[in-house]
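Asker: One structure is given below, represented as structure tokens, and several questions about it will come after.
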Amino acid sequence: MDVRTLFIAQTGALAAIAAMLWASRTEADDRNGMATWTVAVTSQGLAYLLLANAGRVPVWLSAFVGNALGAISVVLFFVAIRQFLGRGFSKWPLAVLAVVVSVVAALSGAQYEGATIFNGYVYGAVQLLTG
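So that you can map any letter, position 2 of the sequence shown is 549 in our numbering, and since no number is skipped, the others follow by simple counting.
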């Protein structure tokens, strides 16, 4: 399976999950991290939609905005887990992470494999340093 097909499949799955989460929102979601998780899933779905359409949409949209939405979604997943556990988090390191990953991934252009490997290591390092 090629990367574009994988991204389209992920977009469909994430869109279905996001729709269910948005439809089932409750007042408690703001306290337990579920509201943040819902926004993260939505952001990730939009990221994969843009990445799947690289070459069909402007480069800045697929490369920079797509990767930025992906980075933001990972940051939001991290924040949602911390909220669920009742633990705090520092905003600045997470903002720097999102910006650095977005820029590096955008500069990598169509080299999805390299950007994905880089992102995996960065996200893993964040978990180790802030866990």
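By construction, the Cβ of each residue, glycine as well, lies at the ideal position given by its N, Cα and C atoms. From a predicted model like this one, the values you see are computed outputs, not experimental measurements.
(1) Which partner residues of Val-604 appear in the DSSP bridge assignment?
(2) Taking the beta carbon of Gly-613 as the centre, do at least 16 other beta carbons fall within 10 Å, making it buried, or is it exposed?
(3) Which of the three DSSP states is assigned to Ser-655 in this structure?
(4) DSSP three-state call for Ser-590: helix, strand or coil?
(5) Under the three-state reduction of DSSP, which class applies to Thr-558: helix, strand or coil?
(6) Alpha carbon to alpha carbon, how far is Leu-596 from Leu-632?
(7) Shortest alpha-carbon distance to Val-606 belongs to which of Thr-552, Ala-653, Leu-641?
(8) Taking the C-alpha atoms as reference points, what is the distance between Asn-579 and Arg-634?
(9) Give me the residue from Asn-600, Gly-592, Phe-625 with the minimum Cα distance to Leu-644.
Answerer: Taking the definition as stated:
(1) Ala-601
(2) buried
(3) coil
(4) helix
(5) helix
(6) 31 Å
(7) Ala-653
(8) 11 Å
(9) Phe-625
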